[in-house]
Structure formats: C-alpha cells, structure tokens
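In the order they appear, the protein sequences are chains V and C.
With the working numbering applied, the first sequence corresponds to residues 1348 to 1656, in that order.
With the working numbering applied, the second sequence corresponds to residues 334 to 725, in that order.
Think of the CB as a built atom: it goes at the ideal place given N, C-alpha and C, for glycine as much as any other residue.
Reviewing the structure listed below.
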Amino acid sequence: MNKKHPAVLVTVMTLALAGCPSEKKDEAPKPAGTGAGRSVVYVSNYPLKYFAERVALPLVEVRFVAGAADDPAYWKPKAEDVSAMQQADLIVLNGASYEQWLNNVSLPQSKLVDTSAGFHDKWIPLEETITHSHGLEGKHEHSGIAFTTWLDMTLAIEQARAVKDALAARWPEHKAQFTNQFEKLEKDLKTLDEHIAAVTSKAPDRPVIFSHPVYQYFQRRYDVNGKSVHWEPDEMPDEAMWSEFLEQLKQHSAKWMIWEGKPLQSIVDKLQALGVNSAVVDPCGNVPDDGDFLGIMSQNIVSLRRVYQ
Amino acid sequence: MNDVLYMAWRYVRYHWGKTVVLLASISLILFLPVGLHVVVQQGAEMLTGRAKSTPVLIGPKGSAVDLTMSALYFRHPNPESLPYREVTRVTQTGLAIGIPLHLRYTAGGQRIVGTTLDYFEFRRLNVERGRLMAMLGECVLGAKAARALQADLGAHVLSSPAGAFDVAGSFPLKMPVVGVLEPYGTADDEAVFVDLKTAWVIEGLTHGHMDVTKPEAESGVLAREEGNVVANASVLSYTEITSQNIDSFHFHGDPDTFPVDAVLAVPKDRKSGILLRGRYEEGDTSVQMLVPLRVINELVETMFSVRDYIVMAGVGVGVATFATAALVFMLSIRLRRREIETIRKIGGTRRRLVGILAGEIVLVVAAAISIAAALTFIVSRFGDEMVRVVAG
Chain V
1348 MNKKHPAVLV
1358 TVMTLALAGC
1368 PSEKKDEAPK
1378 PAGTGAGRSV
1388 VYVSNYPLKY
1398 FAERVALPLV
1408 EVRFVAGAAD
1418 DPAYWKPKAE
1428 DVSAMQQADL
1438 IVLNGASYEQ
1448 WLNNVSLPQS
1458 KLVDTSAGFH
1468 DKWIPLEETI
1478 THSHGLEGKH
1488 EHSGIAFTTW
1498 LDMTLAIEQA
1508 RAVKDALAAR
1518 WPEHKAQFTN
1528 QFEKLEKDLK
1538 TLDEHIAAVT
1548 SKAPDRPVIF
1558 SHPVYQYFQR
1568 RYDVNGKSVH
1578 WEPDEMPDEA
1588 MWSEFLEQLK
1598 QHSAKWMIWE
1608 GKPLQSIVDK
1618 LQALGVNSAV
1628 VDPCGNVPDD
1638 GDFLGIMSQN
1648 IVSLRRVYQ
Chain C
334 MNDVLYMAWR
344 YVRYHWGKTV
354 VLLASISLIL
364 FLPVGLHVVV
374 QQGAEMLTGR
384 AKSTPVLIGP
394 KGSAVDLTMS
404 ALYFRHPNPE
414 SLPYREVTRV
424 TQTGLAIGIP
434 LHLRYTAGGQ
444 RIVGTTLDYF
454 EFRRLNVERG
464 RLMAMLGECV
474 LGAKAARALQ
484 ADLGAHVLSS
494 PAGAFDVAGS
504 FPLKMPVVGV
514 LEPYGTADDE
524 AVFVDLKTAW
534 VIEGLTHGHM
544 DVTKPEAESG
554 VLAREEGNVV
564 ANASVLSYTE
574 ITSQNIDSFH
584 FHGDPDTFPV
594 DAVLAVPKDR
604 KSGILLRGRY
614 EEGDTSVQML
624 VPLRVINELV
634 ETMFSVRDYI
644 VMAGVGVGVA
654 TFATAALVFM
664 LSIRLRRREI
674 ETIRKIGGTR
684 RRLVGILAGE
694 IVLVVAAAIS
704 IAAALTFIVS
714 RFGDEMVRVV
724 AG
C-alpha cells in the first residue's frame, strides 16, 4: 500500500468519528429485492415478446408495455412504466440502437439483456448522419444503427438464443425446458429463413423499392436489390416525394414497392399507374391484429412470392 | 460511616476550587485513553463493515487509500478517472456485475453520486418516501442529505459547478427529488443519488437543446453545410430535464469513453471474485483493482498504532497526574495538621481520621470516574454530531 499521509490519517479519524452509526444502529438493512410473486420479463418489441414466450412460457410472465405505442421503437415511457420495469427479473432489449428511450431512463444494468450485442459486428450503420456544432464545443454527430435486426432470420435466431441464455442464467433450474422450447423455435425460424431465401434467390437482381428504411438486414441477408424511400402507408406522399421517387425509378427501375403495412388505395393506384405494384412485408415490430410472428412472416413470404414470381 | 462520609463531603465541598482541579485532571486522564479506545474501535468497526460489504473495487492508478475513501465514503475523487468501458468490461467477464460511481459534483455541499440502480440493490437501500429515480434528471436523497438540503419529494436540487473556475465546463442542473432513502447510518445517508447519465448531463457530456436541423432553430444557425449544421451560442442547453425536452438529450461522443471515478465489482461468488482479481493482476496496468478490506485493515492498523501511542502517553501522564494528586493529598494533610489535631482532641480516633481522608479521595476519584464515563458515553453516542458542529 502507498505511504500513508498524515492528512489521510486525520481523514480516517474524522470518518471514524463521523461514521459512528447513530441511527438504526442495531437494525440490519432491509433488502431491496424485486418482491414476491411470479417471475416477470419485460421485452421491448413484439419479436422479442414472441421469442421470450416461445422459450419461457408458462414459467415466466412476459410483459410488453412498449406495445402501447404505434411503433415500439419510438415508445416514450413514463416514470410509472420505468418503475414497473425496475421490478422485473429481466429486461430484454433488441439493442442496435432500437431502444432510443433507454438513454432517458434508469434501469438496473444487471437486468438488461441486449439480444443483438452478440453480433455487434453485423450491425448496419445508417447512411444518414447529421453533425452539428455550437458554442465552444467541437463538431459532433448524431448517427444511428439500423435496428430491424430480426428481419434477418439468422440474426433473429441469435436474438432468440440470447433470450434463452439469459433466462437459463437467471433460472438455471429450468434450463432444460428453456433449451427444449428454444430448439423448436430455432427450427421454425430456420424454416422461415430457408423459405425467404428460396423465394428471393429466384431473381436476385430484380429491383424493388422499400417504402421505409427498415429493411437493411432483410436486404443484406436475402440479397435483395432494393432502394429505399421514406413514405408512410397511411399518408399520401407530397409532390416533392413523388418527383424524387420518379428520379429514383430512372436509376432503379423497380416494378414493386415493398410496404411495412397496407398502403392507401389511392397510393396503390398512383403507383400502379407508374407501373409499380405494391406488396406488404410486415416487419412485425408490434403485436399483430391477427396471428403471431410466424404467421405474419409466412404472409410476408406469400407477398414475396408475388414479387419474385 | 455516614458521619465520616459527611465530613469528607463537607471538606471537598468547602475546598471546591481544589476539588474541581482534581476532578478535571483525573477525569480527563481517565477519559482520554478510554474515550479514544471507544472511538477508534467504533470507527474501525464502521470502516471495516463498509469495506467488508464491498468485495472488489476498480479505479484509476494512484493512491489506493484515496480510491477506497472516495468509493466507499464519497470523498472527493482523484482527478484521474476511468472510461465507462471498464464497467462494461467487468460485466462482460460474466464473473461480476460492475457498478459505476461518478463523484465529481455536489449539490448544496452534498456529494452527487452518479450510479446505476444496481447500487441500491447491492447496498440494500430502500426508499422511505417516493421511489427510485426512473427518468433522466431525477434524484434520490439520502436521509441526512434530505435534511441538510431541506428538500423532500417534489422539491428540486441544484447541482454545483465542479470548481470556482468551472464557469463553462458544467452547468447547474435542476433535479426533481423523487425519493428519500431510509436512514442507514452510512455515507449513503449524505448522498444525492442520480443515474450515471444524469451525472454526465451535469458534466456537459450529455445535453439537450433545440433540434438545429429544424426550421424553428433557424435564428440560432450560422451555417448549414452538407451533413453538418453550425449553430451559434444562442442555442442553449437545457438546465432542467422535463417531459417536453427529454427526447432532445443526446451524448456528445462515445459513452464508452465517458468518465467514471470507480467501479464496484460485485462477483457472483467467491471463486468468481478470485478469478476476476487474477485477470486484473495479470493484465491491464492502466487501472488498479483492490480489495477495500485490505486497504481499510491497513488503515485501521495505523489507527490502532496511533491510538496505542496516545494511550501509552496517556498512561505516563496519568501516572504523573496521580503522583501529583497523591502529593496534593499529602501536602494537604500537613497543612491540615491543626485541623486533624482538633479532631483528635475532641475524640476522633485514628481510624476515623483515616476514614475521613480516604473518603475525600474516594469521593473525588468516584466523581472523576463518573465524569469520564459520561464523557465516553457522549462521545460514543454523539461523536458524529460533535464533529459536525466543530467542523462547521
């Protein structure tokens, strides 16, 4: 140990005096546990909810409060939501910058499970980066990472595996059951992966337009020749957006536009007039009105068959 | 017997000046070693108690004592800091949970402790009123901090700049109090707890301002270049985080490089702790890993050594004091020769005379022991408050 300075000794003596407990001297501190009751896992999007339920039900209750938002990626939690999440046994996150709200809240780090951390090297940085500078500080940038990781089914399997591993670490007594249920899920996701790859490989050079920049992982995994615009299915694009689209069509002569959700009929008709058809490939970030993750992905495969027939 | 004691009592009372001097000197000479022993013993127990509950500590290279004192008792940290990635590194080993501590700022003289919620779990801290912090910018007060700041639920606490010349680096952040902890009789009572990200906001590493890419911010924009917006100083950072502006808060740079002052590593079990220490001892030289109990034990040993020297000196002074007191008694017997002669002439036996003189000694010594015991009790019970009053 370092040589002890007299000032340190004075500090220690002062601490020795000041620290003499004067309140609740004989009482042991009460634990700040999560409280009794059923084991609870919070998830931040629907694919994770589906994976967690497939792996953990009926042993664990899976809660998805971000589902209250139209898009869970842009959920804005209230203090009550965060306080409830603090009591969870695990908080399963998509990662890859999906949970923008995470920077604004206080959650126990030891309970957070980042399901995409394991493939950090496969994250796709967004092309659009805004930098700004003001005051005495230098330039700094606001960049992002594409976060719809689960549309690459191989990455979805990795995320499901991360969920399983976290559950098994938290409740090792149920590891066998978690592993067994995960293996069934993995098989289903592999089947989806093979089917999607089989469909898109029929015409890998066929150009398509994505209505929204959320298909980066899908595009990379299934080798889709796609370009993206930034349209909403329930909002007619303005003239500037149509002009930009027409310019893009000159460079990238797509006959199909792939949508996140069913577009307005007026948009479909206008696209049709330009020789562009519409198909829905739902990323399924939130709980679907009908069916489940596998069902929606199967519908997506049906849509893709139309695009690649 | 009562008459002997009565005579002795009347004597010590009549000669009250001499009695007070004797009482003061004997009681002090008794109190000093005993009181010191009690205080040092209590202090050692307190120090080792908190150190025992902190298995492993990681910090920048430098004084192990300073690191331990700042991490365990929230004293002012070393100027050097660690990058946040050290916290992640600990957790990623799978052997322990890393709990960061950011200790650079104060609020009204109370240390602001930037950490994660794992700290409350680790120290087993519960809120007495309110809740733990949930949103960026919120704070939770220790029991004594709440009293010192005269703040309760719903009140606001303002952070202080890091130093007198820190007029531009960090700005005061107005933080709502959302919880007050139960009193624990530890350094946690005096802290203002915030999320680590909130501490970084205070430090200016995370901030929120008007979106300069939007047309509303045009008056504050000097130039718009390809992919870059240059804004002037009129684009002010928010000094309070509200539900309206919280989404504008963003990191300046890579959070992995942001500073923390220490990392509490909480191993999963004893074996994990040993493995973790082995990894740090073999590898990285830019950080130090230490076991607080060892550091504190060395300090406590030093405290005991100092105490022993003081006690030895006290024993010497005590012997001298008692010798002086004995001399005073013997001289007083000579001075009281006529008084003693008078008592003998009116029928007082030798035994009674010895009884009266011994009674005087017993009364003075008994009173001195009582005073010393009372002083020891006061110090053991109210030592911290006394130090606070003396220290202002």
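Helix, strand or coil at Lys1609 (chain V) according to DSSP, with G and I counted as helix: Locating residue 1609 (chain V) in the first sequence gives position 262, counting from the first residue. Coil at Lys1609 (chain V), not helix or strand.
Distance CB(Cys472 (chain C))-CB(Phe407 (chain C)) smaller than 8 Å: Your numbering for residue 472 (chain C) matches position 139 in the second sequence. Your numbering for residue 407 (chain C) matches position 74 in the second sequence. No, the Cβ-Cβ distance between Cys472 (chain C) and Phe407 (chain C) is not below 8 Å.
C-beta neighbour in chain V for Leu465 (chain C), strict 8 Å: As a position in the second sequence, residue 465 (chain C) is number 132, starting the count at 1. By this cut-off, Leu465 (chain C) is an interface position.
3-residue-minimum beta strand (DSSP E) runs that sit fully inside the segment 1420-1479 of chain V, ordered along the chain: 1437-1440, 1459-1461
Exposure label - His409 (chain C); buried when at least 16 CB within 10 Å: Locating residue 409 (chain C) in the second sequence gives position 76, counting from the first residue. Flag for His409 (chain C) reads exposed.
Gln425 (chain C) versus Gly1465 (chain V): straight-line alpha-carbon distance, rounded: Looking up residue 425 (chain C) in the second sequence gives position 92. Looking up residue 1465 (chain V) in the first sequence gives position 118. Between Gln425 (chain C) and Gly1465 (chain V), the C-alpha separation is close to 11 Å.
Buried or exposed by the 16-neighbour rule on C-beta atoms within 10 Å, applied to Met645 (chain C): Stepping through the second sequence from its first residue, residue 645 (chain C) is reached at position 312. That one is exposed.
N-terminal and C-terminal residue of the beta strand (DSSP E) that Ser1625 (chain V) is part of: For the purposes of this step, residue 1625 (chain V) is identified with residue 278 of the first sequence, where counting begins at 1. Looking at the DSSP string, the run of the beta strand (DSSP E) that includes Ser1625 (chain V) is 1624-1627.
Range of the contiguous beta strand (DSSP E) that encloses Gly1572 (chain V): What you label residue 1572 (chain V) is simply residue 225 of the first sequence in a count that begins at 1. It is worth fixing the name first, because residue 1572 (chain V) is Asn in this sequence and not Gly. Asn1572 (chain V) -> beta strand (DSSP E) spans 1572-1575.
Simplified DSSP state of Arg438 (chain C), which is helix, strand or coil: Numbered from 1 along the second sequence, position 105 holds the residue referred to as residue 438 (chain C). For the record, residue 438 (chain C) in the displayed sequence is Tyr; it is not Arg. The answer is coil: DSSP assigns Tyr438 (chain C) none of H, G, I, E or B.
Cβ neighbours of Val1329 (chain V) in the same chain (closer than 7 Å, five flanking residues each side left out): No answer is possible for residue 1329 (chain V): the residues shown for chain V start at 1348 and end at 1656.
Contacts that Thr575 (chain C) makes with chain V (C-beta to C-beta distance below 9 Å): As a first step, residue 575 (chain C) must be located in the second sequence, where it is residue number 242. Those within 9 Å of Thr575 (chain C) in chain V number zero; the least Cβ separation is about 11 Å.
Endpoints, the alpha helix (DSSP H) within which Glu634 (chain C) is located: What you label residue 634 (chain C) is simply residue 301 of the second sequence in a count that begins at 1. Taken as a continuous stretch (DSSP letters only), the alpha helix (DSSP H) holding Glu634 (chain C) covers 625-668.
Sequence-distant residues of the same chain with beta carbon closer than 7 Å to Thr1462 (chain V), five excluded per side: To locate residue 1462 (chain V), count along the first sequence from 1; it is residue 115. Closer than 7 Å at the Cβ level, and outside the excluded window around Thr1462 (chain V), lie Leu1395, Val1439, Leu1440, Asn1441, Gly1442, Gln1506, Ala1509, Val1510.
Rounded separation between Arg684 (chain C) and Leu361 (chain C) - CA only: Walking along the second sequence from the start, residue 684 (chain C) turns up at place 351. Walking along the second sequence from the start, residue 361 (chain C) turns up at place 28. Arg684 (chain C) and Leu361 (chain C): Cα-Cα distance of roughly 32 Å.
Selection from C:Val446, C:Gln621, C:Tyr452, C:Asp485 that minimises the alpha carbon distance to Glu461 (chain C): What you label residue 461 (chain C) is simply residue 128 of the second sequence in a count that begins at 1. Of the candidates C:Val446, C:Gln621, C:Tyr452, C:Asp485, the one whose C-alpha sits nearest the C-alpha of Glu461 (chain C) is C:Asp485.
Cβ contact check for the segment 346-364 of chain C and the segment 581-600 of chain C: 3 or more pairs under 8 Å: no
Within 8 Å of chain C by C-beta, residues of the segment 1448-1465 of chain V in sequence order: Asn1450, Asn1451, Val1452, Ser1453, Leu1454, Pro1455, Gln1456, Ser1457
Cβ neighbours of His540 (chain C) in the same chain (closer than 8 Å, five flanking residues each side left out): Counting from one through the second sequence, the residue named residue 540 (chain C) turns up at place 207. Hits under 8 Å: Val534, Ser570, Tyr571, Phe582, His583, His585.
Residue-chain proximity (Leu450 (chain C), chain V), Cβ-Cβ < 8 Å: Taking the first residue of the second sequence as position 1, residue 450 (chain C) is located at position 117. Chain V contact via Cβ: present.
Gln621 (chain C) versus Leu597 (chain C) - alpha carbon distance: The residue you call residue 621 (chain C) lines up with position 288 of the second sequence. The residue you call residue 597 (chain C) lines up with position 264 of the second sequence. So the two alpha carbons sit approximately 12 Å from each other.
Beta-carbon gap between Val1654 (chain V) and Val1555 (chain V) smaller than 8 Å: To locate residue 1654 (chain V), count along the first sequence from 1; it is residue 307. To locate residue 1555 (chain V), count along the first sequence from 1; it is residue 208. Yes, they are a contact pair.
Reference Arg480 (chain C); option with closest CA among C:Thr448, C:Leu469, C:Met508, C:Val513: Sequence index remark: in the second sequence, residue 480 (chain C) carries index 147 (1-based). With distances taken between Cα atoms, Arg480 (chain C) lies closest to C:Val513.
First and last residue of the uninterrupted alpha helix (DSSP H) at Tyr1393 (chain V): Residue 1393 (chain V) sits at position 46 when you count from the first residue of the first sequence. Unbroken alpha helix (DSSP H) run through Tyr1393 (chain V): 1393-1403.
Contact set between the segment 1518-1539 of chain V and chain C, restricted to residues whose Cβ is under 7 Å from the partner: none
Beta-carbon gap between Thr449 (chain C) and Gln1563 (chain V) smaller than 8 Å: Translated into positions along the second sequence, residue 449 (chain C) becomes position 116. Translated into positions along the first sequence, residue 1563 (chain V) becomes position 216. Contact flag unset, no.
Three-way DSSP call (helix, strand, coil) for His583 (chain C) in this model: The residue given as residue 583 (chain C) occupies position 250 in the second sequence. In this structure, His583 (chain C) counts as strand in the three-state DSSP scheme.
Three-state class that DSSP yields for Pro1580 (chain V) in the structure shown: Position 233 of the first sequence, counted from the first residue, corresponds to residue 1580 (chain V). In the structure shown, Pro1580 (chain V) sits in coil (DSSP, three-state: anything other than H, G, I, E or B).
Near-chain C residues of the segment 1403-1437 of chain V - C-beta to any C-beta below 9 Å: Lys1423, Pro1424, Lys1425, Ala1426, Glu1427, Asp1428, Val1429, Ser1430, Met1432, Gln1433
Proximal chain V residues relative to Met468 (chain C), where beta-carbon distance stays under 9 Å: Working through the second sequence from its first residue, we reach residue 468 (chain C) at position 135. What Met468 (chain C) touches in chain V: Pro1424, Lys1425, Ala1426, Val1429, Asn1451, Val1452, Ser1453.
Helix, strand or coil at Phe466 (chain C) according to DSSP, with G and I counted as helix: Position 133 of the second sequence, counting from 1, holds the residue named residue 466 (chain C). Per the sequence shown, residue 466 (chain C) should be read as Met rather than Phe. Of the three classes helix, strand and coil, the one that applies to Met466 (chain C) here is coil, per DSSP.
Uninterrupted alpha helix (DSSP H) stretches inside the segment 1495-1559 of chain V (no shorter than 4 residues): 1500-1517, 1522-1547
Inter-residue spacing [alpha-carbon to alpha-carbon] between Glu1370 (chain V) and Asp522 (chain C): Taking the first sequence and counting its residues from 1, the one referred to as residue 1370 (chain V) is at position 23. Taking the second sequence and counting its residues from 1, the one referred to as residue 522 (chain C) is at position 189. Low per-residue confidence applies at Glu1370 (chain V): pLDDT is 39, beneath 50, and the placement is therefore not dependable enough to give any value.
Val511 (chain C) and Gly463 (chain C) closer than 8 Å at C-beta: Start at 1 with the first residue of the second sequence, and residue 511 (chain C) comes out as number 178. Start at 1 with the first residue of the second sequence, and residue 463 (chain C) comes out as number 130. The answer is yes: Cβ separation under 8 Å.
Proximity test, Cβ basis, 8 Å: Phe582 (chain C) and chain V: Here residue 582 (chain C) is taken as the residue at index 249 of the second sequence, counted from 1. Closer than 8 Å to some Cβ of chain V, the Cβ of Phe582 (chain C) qualifies, so yes.
Gly395 (chain C) (DSSP reduced to helix, strand or coil): Here residue 395 (chain C) refers to the residue found at position 62 of the second sequence. Note: Gly395 (chain C) maps to coil in three-state DSSP.
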